[in-house]
Amino acid sequence: MRAHINTSTNGTTTTVWLEGWLDALGAIALLGECASADLPLRLNLKGLTAVDGSGITVLRWLEADGAELIDASPNVQRMLSERAQGLEGTDSK
56 MRAHINTSTN
66 GTTTTVWLEG
76 WLDALGAIAL
86 LGECASADLP
96 LRLNLKGLTA
106 VDGSGITVLR
116 WLEADGAELI
126 DASPNVQRML
136 SERAQGLEGT
146 DSK
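For the sequence shown, my numbering puts the final residue at 148, and the numbers step up evenly by one.
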């Protein structure tokens, strides 16, 4: 199942719920959804079953921009961690 994105606001926090497979098309939709959301922003990854490289990149961008990533499965956590470690080694000197 391609990514399904739902948004809810509770008080001052906007939560974006992700379910299914986050691929390049889903990542573009996620960026659009987050751009129109109120801050602070929380991304609930509990329903995310798989993520490709584009999805991981967008999740890392959003996290670097201040979004809180919560409830990721161990597999998604590993992919986010590996991607972050890979980017750390790309600084040019």
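The beta carbon of each residue, even a glycine, is placed where N, CA and C say it ideally should be.
Among the options, nearest to residue i - alpha-carbon criterion
i, options, result
"Asp107", "Asp126, Thr64, Asn130", "Asn130"
"Gln132", "Leu86, Gly121, Gly66, Ala105", "Ala105"
"Val113", "Gly66, Gly87, Pro95", "Gly87"
"Leu100", "Ala90, Arg115, Leu94", "Arg115"
CB contact flag (residue i, residue j, <7 Å)
i, j, result
"Arg57", "Trp76", "yes"
"Thr69", "Ala92", "yes"
Contact belief for residue i with residue j at Cβ below 8 Å, rounded distance in angstroms
i, j, result
"Leu124", "Leu103", "With 8 Å as the limit, Leu124 and Leu103 do not qualify as a contact, their Cβ atoms being about 10 Å apart."
Cα-Cα separation between residue i and residue j, rounded to whole angstroms
i, j, result
"Thr64", "Gly110", "23 Å"
"Gly121", "Ser128", "20 Å"
"Asp126", "Ala79", "21 Å"
"Ala82", "His59", "11 Å"
"Ser136", "Gly66", "30 Å"
"Pro156", "Met134", "The question about residue 156 has no answer, for the chain in this structure spans 56 to 148."
"Asp146", "Thr62", "Caution is warranted here: a pLDDT of 49 is assigned to Asp146, below 50, making its placement in the model unreliable, and the coordinate value is therefore given only provisionally. Approximately 35 Å, taken between the alpha carbons."
"Thr118", "Ala90", "The sequence shown places Glu at residue 118, not Thr. Distance between the alpha carbons of Glu118 and Ala90 is about 13 Å."
Distance cut-off 6 Å: residue i Cβ against heavy atoms of the ligand NAD
i, result
"Thr67", "In terms of ligand content, the structure shown is empty, and the ligand NAD therefore cannot be addressed."
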